[in-house]
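Be aware that the sequence shown starts at 1, since it is given in UniProt numbering, and climbs by one per residue.
Cβ coordinates follow ideal geometry from the N, Cα and C atoms, glycine included.
In this text, all values refer to a predicted model and were calculated from it rather than measured experimentally.
Here the structure is laid out as structure tokens; the discussion comes afterwards.
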Amino acid sequence: ACCWKFGDYQRGAELAGVLVHALQGRYGAKHALVAPAMVVAGLCETNLGNFMQGEDMLVRAASLAQGIWGKGHTDATDAAVGLAALYELRGSYELSEISSNSSREDREARLGRWHSGSHQDAVNVALLYLRIEAHEEAEEVLRQSLPGIQSACSA
């Protein structure tokens, strides 16, 4: 994960791939540790421009995490956020919007509207809208999220 966070996506993809393979070999393909490793691998592949590999890894991570913990779990929503970014980079703005909104709704359903992850999801949706010049939609998302963001910042 450190390689990915510091921009060495090639090394991050290699290490995450090794980790996914090792975890699956030792614990099985449906073990709880596999999903977060797949998310990192998918994000690295996406940042390298390997969209098919990134999408495959993120879809598998989301499916695995949802099967183990449910839709609102952090690993599932992280995979959905990764998919939203991938779809946006590919120019599939509608799919990006669907994935972003799904992540936000699932996280809110599990953790509540006031959770900081829900606020970040709302900001991600608003930024997508701004990038595609849907200013009214961006304003509405932020307006709806503002009380929660203010509450989190004052706590």
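Spatial distance of residue i from residue j (CA atoms)
i	j	result
GLU140	GLU133	13 Å
LEU128	GLU88	8 Å
SER100	TYR93	10 Å
ALA35	THR74	10 Å
GLN120	ILE68	24 Å
ALA109	ALA22	33 Å
ASN47	ALA85	10 Å
HIS31	LEU64	8 Å
SER102	ARG60	16 Å
LEU33	ALA62	13 Å
GLN150	GLN144	11 Å
ASP56	GLY148	34 Å
ARG105	ILE98	Residue identity differs from the one stated: residue 105 is Glu in this sequence, not Arg. Cα to Cα, GLU105 sits roughly 10 Å from ILE98.
ARG26	HIS135	49 Å
PHE6	GLY28	29 Å
Beta-carbon spacing of residue i, residue j below 7 Å
i	j	result
LEU19	ALA37	yes
GLY54	GLY42	yes
ALA76	GLN66	yes
LEU146	ALA126	no
ALA138	LEU130	yes
ARG107	PHE51	no
Sequence-distant residues of the same chain with beta carbon closer than 7 Å to residue i, five excluded per side
i	result
CYS44	TRP4, TYR9, GLY12, ALA13, ALA16
LEU95	TYR87
GLY49	none
N- and C-terminal bounds of the alpha helix (DSSP H) containing residue i
i	result
ALA134	Segment: none, ALA134 is in no alpha helix (DSSP H) and carries neither H nor E.
HIS21	9-27
residue 160	Past the edges of the chain, shown from 1 to 155, lies residue 160, and the structure says nothing about it.
GLY49	GLY49 -> no alpha helix (DSSP H), and no H or E assigned at all.
LEU111	93-111
Neighbourhood of residue i by C-beta, 6 Å cutoff - its chain only, sequence neighbours within 5 removed
i	result
LEU58	GLY42, ALA79, GLY82, LEU83
Contacting residues, own chain, Cβ-Cβ under 8 Å from residue i (five flanking each side not counted)
i	result
GLN24	HIS31, VAL34
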